[in-house]
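**Q**
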Amino acid sequence: MNRLSAILVALVLAVAAQAAEIHPPQQVTAGTSITIPTSGSGEATFYLIGPDVASKKKVQAGSDISVESDSLQLAGRYVAVLCASDGCASSNFFVVPAAPNKLSLLVHPSRVPVGSANGISTVAFVFDNFHNFVLKPEQVKFSILPKDAKEISADRGSQNGVAWVRISSAKKEGPVRIAASIGNANEVRVVQQVAAEACNLRIKASRVKNAFLIETDPVRDCSGNSIPDGTVVSFTKSDSAGKTTVDVPIKRGVAKVEMPIDGRARITVASGVVTGNELDVAGGQPQ
Amino acid sequence: MKRGLPILLGVVTVILIVIAWFQSGGAEAHELQAATTPDQAVRLMLSQVKAHNFDAAYARLANRDDVDKNAFIREFDGSNGSLLTYASMESFDVWGLKTNEQDATVRAKLHYSTAVGPLDDIRDLKVQHTGDTWKVLWPVSKAPKLPPQVIPVNYLRWDVISRGASDDWGVQNVDSPQVRVVSMNAIQRPDSVVLVGEVVNEDSVPAYVNVGATLLDPSGAELAQESSFDKISHILLPKQVSPYRIDFPNMRMEKIKSVRMDTKALLVPASADPVIEVNQQKLETDALGKKVLSGQLLNQSGSVVNIPHVIAAFYDSNGKVIWVSDGYMAQALLPQIPLPFAVDLPPDVAKNVQTYRVVVNHYDSTSQS
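Which chain is which? The protein sequence lines are R and D, in order.
276 is the number of the first residue of the first sequence in the numbering used here; add one for each residue after it.
470 is the number of the first residue of the second sequence in the numbering used here; add one for each residue after it.
Next comes the structure, spelled out in structure tokens:
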């Protein structure tokens with residue numbers, strides 16, 4: 276008799292356990308609403324636990340449970356739990372990223388000398404609308420938008436959510452816009468292409484009052500771009516009184532300094548590691 | 470017993486006051502009231518300067534009629550935000566150079582404690598026998614004064630707008646400047662290892678630069694880590710080159726297998742002015758017999774440079790940097806008025822010096838950079 280009672284109780288519990296089952300879909304796209312079928316009867320509590328959500332609501336066991344899209348925005352593993360008066364049942368499901376629609380674009384450096392081969396690194400990180408990293412391969416379109424030239428573009432496939440391209444800087448100074456696009460996303464960065472090292476640095480001397488005005492020709496790089504104002508040019512004068520050095524910033528394209536000169540003097544010029552011509556001045560006149 | 474303790478405390482207090490009086494130079498000042506020797510005259514005057522008793526010091530001058538009292542005070546207290554305005558005289562040494570019955574020359578070495586470390590000022594003072602006492606003949610300085618005028622300055626400034634805190638990750642920022650160590654030379658000194666060299670700002674924007682170094686032993690373990698601290702011109706304009714020096718005290722070259730250099734550069738707002746000319750540079754031997762590089766600074770702009778800091782790189786015949794010296798100027802660098810400077814270098818290094826180069830750091834209270 277006792278054995279029969281035990282078997283009956285086990286059967287009742289088994290029936291009750293089946294009633295608390297929950298069947299979410301195995302995979303859900305981020306940002307979509309779902310309905311989760313359940314079985315059983317009576318009042319129950321539904322729990323949803325995910326990367327950025329932990330919610331609880333009263334439901335009727337046996338009916339479908341609707342989960343709003345804003346509870347399923349982050350990709351990852353979610354746990355759905357249904358607890359009725361006779362116990363709890365749980366099931367896992369995964370939310371995967373939606374279609375790519377956002378980009379994070381890293382472009383380095385923000386300034387690059389002209390004529391630098393592969394000098395600009397451009398890396399795009401692919402995301403969906405909900406900032407989920409899209410790991411499956413996608414095509415990202417990279418574009419170069421020079422100021423006075425036609426747009427150049429190329430597609431690159433992403434690997435593990437990252438697509439990249441290396442770009443050489445132009446021969447002419449000025450800003451260049453670099454863009455990457457996917458879906459509705461179009462990110463643009465600006466890289467300033469600046470003159471390279473000074474080239475053919477030359478000085479000349481002329482008399483002013485009691486001194487000499489030492490002046491550079493317009494300072495340019497080897498591609499003819501003007502070296503930016505503020506770049507330091509070092510003038511050095513050696514004469515019988517000793518040595519004189521002045522670090523002068525370029526202003527309006529040239530660097531100039533006034534130096535009193537007695538007797539014979541040699542004047543040299545340099546900018547960074549680049550040296551220019553030498554001037555010999557004697558008896559107050561340039562030679 | 471009740472009386473014993475107060476008496477003991479009183480005696481101890483008197484002893485402490487006497488000790489303090491001796492230590493503060495009170496005894497010396499008292500003893501030298503009537504200066505019977507040239508050395509004593511200078512000592513007395515300097516004791517009173519040290520105690521900031523400028524009236525008494527001024528009273529010890531033989532040529533008070535020719536010396537402006539405020540100018541005399543400025544010689545020790547500084548002016549125009551110069552280094553001496555952030556300094557106090559710690560001590561002085563005095564020794565006679567030559568003496569006859571009426572005149573003497575006395576050399577005084579003044580030791581200042583300043584905001585940037587100790588500073589020595591050496592002066593040769595004339596002393597005159599007046600009546601039964603000796604008095605200092607203070608040099609009458611005819612400091613050149615610039616007439617009122619407008620000096621046009623075409624300011625070049627760089628300001629920086631960085632990425633905002635609310636911007637998304639990945640939004641472009643302005644990169645740090647590109648700087649490069651162009652030379653490095655390790656030198657064994659008697660008590661230290663010294664790294665000297667030069668660093669250049671290769672970028673088109675100004676940089677705040679600091680050079681550090683880590684010494685590694687044969688197993689690759691770190692022996693010591695130091696930075697150039699103030700022995701570098703920190704603000705480098707585009708293409709500007711600065712010498713640097715890093716000292717490793719109590720280090721031997723034999724212990725070192727390699728050196729790891731670390732150059733840090735930050736993009737900072739800066740101004741291209743003032744332009745400071747360094748002229749009449751020459752290597753010579755000073756009054757104390759030390760090898761020095763001397764010259765003059767000339768501020769070509771119209772603003773006062775409060776604390777000029779001279780950094781000199783010395784090169785051998787191969788163009789290699791073999792030493793870097795630096796020195797802070799006690800006086801402010803006024804517009805268009807030359808200011809002499811001298812930085813010393815070790816005698817064993819001086820004999821190998823072929824050429825040299827000087828850069829000037831400037832600390833200005835009004836500067837925004």
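We treat Cβ as the ideally placed atom computed from N, Cα and C, and that holds for glycine.
Computed from a predicted structure; not experimentally measured.
#1: Could you please give me the residues that DSSP links to E691(D) through a beta bridge?
#2: Anything in chain R within Cβ reach of A741(D), meaning under 7 Å, just list it in chain order.
#3: Could you name the residues of the same chain whose beta carbon sits closer than 6 Å to that of S456(R), not counting the 5 residues immediately before and after it, in chain order?
#4: Quickly, what does DSSP pair Q647(D) with across the bridge? List them, please.
#5: With 7 Å as the C-beta to C-beta threshold (strictly closer), list the residues of the region 646-673 of chain D near chain R in chain order.
#6: Could you give the first and the last residue of the continuous beta strand (DSSP E) run that contains R543(D)?
#7: Since M730(D) is in the alpha helix (DSSP H), which residue starts that stretch and which ends it?
#8: If you count every other CB in all the chains shown that lies within 10 Å of the CB of A289(R), and 16 or more means buried, which is it?
#9: Applying the criterion that 16 or more other CB atoms from any shown protein chain within 10 Å of the CB defines a buried residue, is M722(D) buried or exposed?
#10: Where does the unbroken beta strand (DSSP E) through A526(D) begin, and where does it stop?
#11: Between the region 764-773 of chain D and the region 786-794 of chain D, do at least 3 Cβ pairs fall closer than 8 Å?
#12: Using a Cβ-Cβ distance cut-off of 7 Å, determine whether E753(D) contacts chain R.
#13: Quick one: give me the first and last residue of the beta strand (DSSP E) that A424(R) is part of.
#14: Mind reading off the beta-carbon distance from D672(D) to P646(D)? Whole number of angstroms is fine, and I expect it under 8 Å.
#15: Could you check what DSSP says for S344(R) in three-state terms: helix, strand or coil?
#16: K518(R) versus chain D: which residues are under 9 Å apart at the beta carbon?
#17: Are the Cβ atoms of N775(D) and Y832(D) separated by less than 7 Å?
#18: Under the three-state reduction of DSSP, which class applies to L553(D): helix, strand or coil?
#19: Compile a chain-ordered list of the residues in the region 547-558 of chain R whose CB is closer than 7 Å to at least one CB of chain D.
#20: Evaluate D731(D) with the Cβ neighbour count: other Cβ atoms within 10 Å of its Cβ, from every protein chain shown; 16 or more gives buried, anything less gives exposed.
#21: Along chain D, which residues have their Cβ under 8 Å away from the Cβ of S385(R)?
#22: Leaving out the 5 sequence neighbours to the left and right, which residues in its chain are closer than 8 Å to T550(R) when beta-carbon positions are compared?
#23: Give a yes or no on whether the minimum CB-CB distance between K708(D) and chain R is below 7 Å.
#24: Between which residues of its own chain and V640(D) is the CB-CB distance below 7 Å, once the five residues before and five after are set aside?
#25: Which residues mark the beginning and the end of the beta strand (DSSP E) in which P807(D) is found?
#26: If contacts are defined as beta-carbon pairs under 8 Å, then V494(R) and A516(R) qualify, I think. What distance do you get, rounded to the angstrom?
#27: Whole angstroms is fine: what's the gap from S838(D)'s alpha carbon to I525(R)'s?
#28: Please report the distance separating the alpha-carbon of E691(D) from that of D636(D).
#29: If we call anything under 7 Å between Cβ atoms a contact, is Q468(R) one with V389(R)?
#30: With 7 Å as the threshold, decide whether the Cβ of A464(R) is near any Cβ in chain D.
#31: Which runs of the beta strand (DSSP E), 3 residues or longer, sit entirely within the region 485-517 of chain R?
#32: Considering only residues of the same chain and omitting the five flanking positions on each side of K726(D), which have a CB-CB separation below 6 Å?
#33: Roughly how far, in whole angstroms, is the beta-carbon of D522(R) from the beta-carbon of S509(R), given that I think they are within contact range, below 8 Å?
#34: Just to confirm before moving on: does the CB-CB distance between Q750(D) and K518(R) stay below 7 Å?
#35: Can you tell which of G547(R), K531(R), P299(R) has the C-alpha that lies nearest to the C-alpha of N623(D)?
**A** Based on what the coordinates show:
#1: Residue pairing by DSSP places E691(D) opposite L685(D) in a beta bridge.
#2: G505, P524
#3: Hits under 6 Å: K416.
#4: Checking the DSSP bridge columns, you'll see Q647(D) has no partner listed.
#5: For the region 646-673 of chain D, which is checked against every Cβ of chain R, the residues closer than 7 Å are V651, V669, E671, D672, S673.
#6: Where R543(D) is concerned, there is no enclosing beta strand (DSSP E), although the alpha helix (DSSP H) around it starts and stops at 538-546.
#7: For M730(D), there is no enclosing alpha helix (DSSP H); the residue is found in the beta strand (DSSP E) stretching over 727-736.
#8: Confidence at A289(R) is low in this model, with a pLDDT of 41, below 50, so the placement of that residue should be treated as unreliable; the coordinate-derived value is given next. Residue environment for A289(R): exposed (fewer than 16 other C-beta atoms within 10 angstroms of its C-beta).
#9: exposed
#10: Premise fails: A526(D) lies in the alpha helix (DSSP H), 523-528, not in any beta strand (DSSP E).
#11: no
#12: no
#13: Run containing A424(R): none; DSSP gives neither H nor E here.
#14: With 8 Å as the limit, D672(D) and P646(D) qualify as a contact, their Cβ atoms being about 4 Å apart.
#15: helix
#16: V747, N748, Q749, Q750, K751, G764, T824, Y825, R826, V827
#17: yes
#18: helix
#19: Within the region 547-558 of chain R, the residues whose Cβ lies closer than 7 Å to some Cβ of chain D are G547, V548, listed in chain order.
#20: exposed
#21: Q641, N642, V643, D644
#22: L476, T543, V544
#23: yes
#24: R632
#25: No beta strand (DSSP E) holds P807(D); DSSP gives it neither H nor E.
#26: Not confirmed; about 28 Å, so no contact.
#27: In this prediction, S838(D) has a pLDDT of 40, which is less than 50 and means its spatial position is unreliable; what the coordinates show is noted afterwards. Distance between the alpha carbons of S838(D) and I525(R): 19 Å.
#28: Roughly 39 Å separates the two Cα atoms.
#29: Here Q468(R) is near V389(R), since their CB atoms are less than 7 Å apart.
#30: One point to set straight first is that residue 464(R) is Arg, not Ala, in the sequence displayed. At least one chain D Cβ lies under 7 Å of R464(R).
#31: 486-491, 507-514
#32: L685, D686, P687
#33: The pair is a contact, with the Cβ atoms about 5 Å apart (cut-off 8 Å).
#34: yes
#35: K531(R)
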